[in-house]
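Heads up: the protein sequence lines correspond to chains A and B, in order.
Everything in the first sequence is counted per our numbering, starting at 1 for the first residue and increasing by one.
Everything in the second sequence is counted per our numbering, starting at 522 for the first residue and increasing by one.
The beta carbon of each residue, even a glycine, is placed where N, CA and C say it ideally should be.
2 protein chains.
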Amino acid sequence: MSRRQLLAMIGTAAGSVAMYNAMTSLGFAQESTYSGPIKLEGDPKGASVLILGAGLAGMTAALELRDAGYKVQVLEYREKAGGRCWTLRGGDKYVELGGAVQDVKFAEGNYINPGPWRIPHHHYGVLDYCQRLGVKLEPFMQVNHNAYLHRTDAFDGKPQRFREIATDYRGHVSELLAKVVNQNALDETVTADDAKLLLESLKTYGVLDENYAYVKSDDTSEFRGWDKPPGGGVDGAPVPSEPIALSDVLQSRLWANLVTGDSIDHQGTIFQPVGGMDMIAVGFEKVIGDLITYNAKVTKIDQNDTGVTVTYVDSNGAAGEQTATADYCICTIPFSILGQIEHNFSGEMTSVIDSMSYAGSVKFGLEFKRRFWEQDERIYGGITYTNLPISQISYPSNDYFSDGPAVLLGGYGWGATAYQFNALPPEERVAKAVEYGAQIHPQYTEEFSNGVAVTWHRVPWVLGCYGIWADKEAQYATAAAMDGRTLMAGEHISYLPAWQEGAILSALDAITRLHKVVVGA
Amino acid sequence: MSRRQLLAMIGTAAGSVAMYNAMTSLGFAQESTYSGPIKLEGDPKGASVLILGAGLAGMTAALELRDAGYKVQVLEYREKAGGRCWTLRGGDKYVELGGAVQDVKFAEGNYINPGPWRIPHHHYGVLDYCQRLGVKLEPFMQVNHNAYLHRTDAFDGKPQRFREIATDYRGHVSELLAKVVNQNALDETVTADDAKLLLESLKTYGVLDENYAYVKSDDTSEFRGWDKPPGGGVDGAPVPSEPIALSDVLQSRLWANLVTGDSIDHQGTIFQPVGGMDMIAVGFEKVIGDLITYNAKVTKIDQNDTGVTVTYVDSNGAAGEQTATADYCICTIPFSILGQIEHNFSGEMTSVIDSMSYAGSVKFGLEFKRRFWEQDERIYGGITYTNLPISQISYPSNDYFSDGPAVLLGGYGWGATAYQFNALPPEERVAKAVEYGAQIHPQYTEEFSNGVAVTWHRVPWVLGCYGIWADKEAQYATAAAMDGRTLMAGEHISYLPAWQEGAILSALDAITRLHKVVVGA
Chain A
1 MSRRQLLAMI GTAAGSVAMY NAMTSLGFAQ ESTYSGPIKL EGDPKGASVL
51 ILGAGLAGMT AALELRDAGY KVQVLEYREK AGGRCWTLRG GDKYVELGGA
101 VQDVKFAEGN YINPGPWRIP HHHYGVLDYC QRLGVKLEPF MQVNHNAYLH
151 RTDAFDGKPQ RFREIATDYR GHVSELLAKV VNQNALDETV TADDAKLLLE
201 SLKTYGVLDE NYAYVKSDDT SEFRGWDKPP GGGVDGAPVP SEPIALSDVL
251 QSRLWANLVT GDSIDHQGTI FQPVGGMDMI AVGFEKVIGD LITYNAKVTK
301 IDQNDTGVTV TYVDSNGAAG EQTATADYCI CTIPFSILGQ IEHNFSGEMT
351 SVIDSMSYAG SVKFGLEFKR RFWEQDERIY GGITYTNLPI SQISYPSNDY
401 FSDGPAVLLG GYGWGATAYQ FNALPPEERV AKAVEYGAQI HPQYTEEFSN
451 GVAVTWHRVP WVLGCYGIWA DKEAQYATAA AMDGRTLMAG EHISYLPAWQ
501 EGAILSALDA ITRLHKVVVG A
Chain B
522 MSRRQLLAMI GTAAGSVAMY NAMTSLGFAQ ESTYSGPIKL EGDPKGASVL
572 ILGAGLAGMT AALELRDAGY KVQVLEYREK AGGRCWTLRG GDKYVELGGA
622 VQDVKFAEGN YINPGPWRIP HHHYGVLDYC QRLGVKLEPF MQVNHNAYLH
672 RTDAFDGKPQ RFREIATDYR GHVSELLAKV VNQNALDETV TADDAKLLLE
722 SLKTYGVLDE NYAYVKSDDT SEFRGWDKPP GGGVDGAPVP SEPIALSDVL
772 QSRLWANLVT GDSIDHQGTI FQPVGGMDMI AVGFEKVIGD LITYNAKVTK
822 IDQNDTGVTV TYVDSNGAAG EQTATADYCI CTIPFSILGQ IEHNFSGEMT
872 SVIDSMSYAG SVKFGLEFKR RFWEQDERIY GGITYTNLPI SQISYPSNDY
922 FSDGPAVLLG GYGWGATAYQ FNALPPEERV AKAVEYGAQI HPQYTEEFSN
972 GVAVTWHRVP WVLGCYGIWA DKEAQYATAA AMDGRTLMAG EHISYLPAWQ
1022 EGAILSALDA ITRLHKVVVG A
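#1: F805(B) versus chain A: which residues are under 7 Å apart at the beta carbon?
#2: Helix, strand or coil, according to DSSP, for D799(B) in the structure here?
#3: Specify, as a first and last residue, the run of the beta strand (DSSP E) that N971(B) falls within.
#4: Per DSSP, Y645(B) is paired with what?
#5: Give a yes or no on whether 8 Å exceeds the smallest Cβ distance from A510(A) to chain B.
#6: Secondary structure at C850(B), three-state DSSP: helix, strand or coil?
#7: So for M544(B), helix, strand or coil by DSSP?
#8: Between the alpha carbons of T311(A) and A324(A), how many angstroms are there, rounded?
#9: What are the complete beta strand (DSSP E) segments, minimum 3 residues, inside the region 961-1032 of chain B?
#10: State the Cα-Cα distance for the pair Y940(B) and L984(B), rounded to the nearest angstrom.
#11: Look up W776(B) in the DSSP assignment and say whether it is helix, strand or coil.
#12: Can you tell me the Cβ-Cβ gap for A406(A) and F368(A), rounded? I've got them flagged as a contact below 8 Å.
#13: Per the DSSP calculation, G636(B) is bridged to which residue(s)?
#14: Which same chain residues end up closer than 7 Å to R224(A) when comparing Cβ atoms and leaving out the 5 residues on each side of it in sequence?
#15: Shorter than 8 Å from the beta carbon of R371(A) to some beta carbon of chain B?
#16: With a cut-off of 8 Å, does the C-beta of Y222(A) fall near any C-beta of chain B?
#17: Are the C-beta atoms of L767(B) and some chain A residue less than 8 Å apart?
#18: In chain B, which residues lie with their C-beta within 9 Å of the C-beta of M349(A)?
#19: Could one say the Cβ of Y735(B) lies closer than 8 Å to chain A's Cβ atoms, at least one of them?
#20: How many Å lie between Y632(B) and W982(B) at the Cα?
#21: Where does T673(B) sit, in a helix, a strand or coil, going by DSSP?
#22: Pick from P273(A), I353(A), A256(A) and H515(A): whose alpha carbon is nearest that of N387(A)?
#23: Does any residue of chain B have a CB that is nearer than 8 Å to the CB of S16(A)?
#24: Taking C-beta pairs closer than 9 Å, name the residues in chain A that E861(B) reaches, listed in chain order.
#25: In the DSSP assignment, the alpha helix (DSSP H) including A178(A) goes from what residue to what residue?
#26: Please report how far the alpha carbon of T828(B) lies from the alpha carbon of L586(B), in whole angstroms.
#27: Could you tell me the distance, in whole angstroms, from the CA atom of K297(A) to the CA atom of G289(A)?
#28: So with CB distances below 8 Å, who are the chain B contacts of D194(A)?
#29: Helix, strand or coil for F549(B), going by three-state DSSP, please let me know.
#30: Going by the DSSP bridge assignment, what does W935(B) pair with across the sheet?
#31: Any chance the region 662-677 of chain B sits against the region 892-910 of chain B, with 3 or more Cβ pairs inside 8 Å?
#32: What does A154(A) reach in chain E if we use C-beta pairs closer than 7 Å?
#33: Give every residue of the same chain whose Cβ lies closer than 6 Å to the Cβ of V1038(B), excluding the five residues on either side of it in the sequence, and list them in chain order.
#34: If I measure Cβ to Cβ from D588(B) and keep anything under 8 Å in the same chain, skipping five residues before and after, which residues do I get?
#35: I'd like the list of long-range same chain contacts for G83(A), defined as Cβ closer than 6 Å, with 5 residues on each side in sequence excluded.
#36: Would the beta-carbon of G579(B) fall within 8 Å of that of Q960(B)?
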């Protein structure tokens, strides 16, 4: 019996927690519930499925269901697939809710991903579909020690290098704790043996000197950077740098983002598709594009004992209604949109649909005449954090060292910030982002070329960036359950909200359950 | 006046420390003494320079001196340029000191860099030459939270994921210190205001709960990983994982490598040349290859008041001596080799040459039939650390997700370890590395295909991996000073030993001083 077969058997017999425990003990601990390409065994005998929405959930369902022998049709509101898996490039025209138009003017090859932009190493579903669909991936730089931490109210607004705050905070904290250990002031939960090891480890961890102090030295400069770095030839000797005092580090509050890149969703190694996130959508389209009816705006979903009938019109307003029918329906339409469509889902499902709100967020793609962040400041990829409304600046993780114009993520904000930007016309949003960014990079003023700003509450096909549950604990099972002949799928029907992996896993789960119904398993 | 001109003026007037301080205050803090392409102004009027060694120091000198109008000849022992900037590929044959031959059997496109393998973001000299020479770079993955920390005497020899030890150590340390702060047991150096901020920061830093405890929770699992990760559909709810107890973390000693990747030489973003480190050597050769005499083994260096005469023979043993003469000499021959060559350098220089020892190290390139570390364990690049003699395993930072055979760095050891491997024939070294690695990756046994092992004390053209000073403080000025008509250059004449940046900076410094002598500045 192969390892996979054994795991499948454990999974079937005892549920997925047992399977995961088994996988862990076999040495293959997984960080996604994706367990390899799905196998839908048994003949669906001509059953048909109508899929609403050609985002990643819809296209995953379409691909796998067709492979399993179903008749599949996908209705998509837009003129292309992907949904939130979306990339803007030069020549693109984006019309947001309210009618404001943005003509993207980026140079050839430059792009911004207004939606998802990163693929964590443990999002095995996305990664495996990328591989199956021939989507090339490259590392995304999340943590860059040479990028900045910035607050308008700290260090006179002067950005500090991540490495300086990270090294100094860790050094001071280690010194403080070492002092307590040396005074035998730790409570009795730490044994004398462990206290000795703790001291030794703090010395390494905090780069402390022989007296367990965090001080200016070649050793600490090797982590926080030098006043004059080691060089070559006669004048090669380095000059160490002075650490920032504990009080200044604490009061700066720049420690707030020290561990952001250490969460499992952002840990190295993390990826991005070469050329833009929508390469995934394009990859799916190559395989199942023939199943998709584009520019189809769903106006009514009607299910009964024998099937599902969906009415749709042309998204661009051409006259005439059409209908599509099937035995079953996989509905990936975000609840923000679905709530505005006539349907006859159960009362319970309707109440979940109607109670889900959608988060707002704003993202800026700014093109500059040159990569000043690389050329002047030696920042290659990675993220600068700030308390300004732009919240962060992410430098491109591709085409390092290249000449010519480049696009950075000039801001990525949430909550109140998103609402504020939402209220401004696009060109004012961009102007604000440039004004804010110039406080960190003075070169912005001279080097800015053009930009776009996407506020997700104004994105017509979703009206928000991800679903927020009114009461997840009470509602989740209802939303995930089969309602008549329909199963919902998408990031909202997952515990990975806003992540593409959530959309894919949710779709795989939905079609697995649908298939059981169909083949009577 | 441009920023660069201003900096150049400050540099000339007040020395490099002043210049660096100025650069910092102008917002362009640098972490290399490389300050952009060198300008050697003034006419050398036909002066000639003989350069010994076509490694990065020698080729940098050759390129810049020829551009400045010098007559340049380079003598190189090997059949190709690069020195320690060296890559082994399938089809290569490597004969080490003692005569053992290794025929490299890697598949097309696979390689190992026995010498330097990484380019830190602040090694501006190397980076800028890469750009000028058209050498493409890609990110090197140093820190991978999904790679392992391993000790034979910890956790029954079972490797732990980096993220688990990193999160748990930080969490426990933060909890311990928070407890002390809450008990008002910190000494009076921390004010009450700062203590409050310290508490708040420790909560973020250590992922502590509302009681400042580091516990099993969704929050801590989001950093250390889950027992069952968040998924999609009905069974999507996650199950958090149990942190490892402080005592177990401490006693495992796996904390020893938690900050290794945080030193400035290893911080993200860090690079490697696409296709192998010797792409840099190839880039130089394209420009100044015509200046190089290959297979030239220097046997004598004779300098007098009028010039330098160097005698050399064919490296492969063909009969006949030849001589080359020039007005000046840049000697990049490692002192380990130079000490065995007849020369008439000053007594002081001779004593430095003779007293320098060279470090040993060993590196393994192991080819496997498939990328089991990616396919089975989801490790994409990065480094696993172990207390086994192999010391570390580095997974390839290129061609992620590809099928077919791949090469990883199966070990990189120093000190006593290097001596032990040095004493074994190559095939036994490789067999040992496979045996050790199999303790971390059981797949080694089945998937191993072939390998090479380079021990640097047996590399004929350097006999070690970098120079170790007997007394750097006392000797450095002598070694760097012009001795008659010769200047030494290479990583050994730098404060960046073993780094290519040291070689380049040392060469730039040497030729700058030489040029001043020649043009009488």
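Quick look at the numbers:
#1: Here the premise fails: no neighbours, minimum Cβ distance about 17 Å.
#2: coil
#3: F969 to T976
#4: In the DSSP output, where bridge partners are listed per residue, Y645(B) has none listed.
#5: yes
#6: strand
#7: Caution is warranted here: a pLDDT of 43 is assigned to M544(B), below 50, making its placement in the model unreliable, and the coordinate value is therefore given only provisionally. Here M544(B) sits in helix by DSSP.
#8: 7 Å
#9: 969-976 and 1007-1009
#10: 12 Å
#11: helix
#12: 6 Å
#13: Answer is none; G636(B) lacks a bridge partner.
#14: R163, E164, T167, D168, S241 and P243
#15: no
#16: In the sequence as displayed, the identity of residue 222(A) is Glu instead of Tyr. So yes, E222(A) belongs to the interface.
#17: yes
#18: The premise fails here: M349(A) is roughly 14 Å from chain B at the closest Cβ pair, so nothing lies under 9 Å.
#19: no
#20: 20 Å
#21: coil
#22: A256(A)
#23: A caution first: S16(A) carries a pLDDT of 47, below 50, which makes its placement in the model too unreliable to give a value.
#24: The question names Glu, but residue 861(B) in the sequence shown is Gln. Residues of chain A passing the Cβ test: none, with the nearest at roughly 24 Å.
#25: F162 to N182
#26: Checking the sequence, you will find Gly at residue 828(B) rather than Thr. C-alpha separation (whole angstroms): 17 Å.
#27: 17 Å
#28: L767, S768, L771 and Q772
#29: In this predicted model, F549(B) has a pLDDT of only 46, less than 50, meaning its place in the structure is not dependable enough to derive any value.
#30: S882(B)
#31: yes
#32: Among the protein chains in the structure shown, which are A and B, there is no chain E.
#33: none
#34: L561
#35: G55
#36: no
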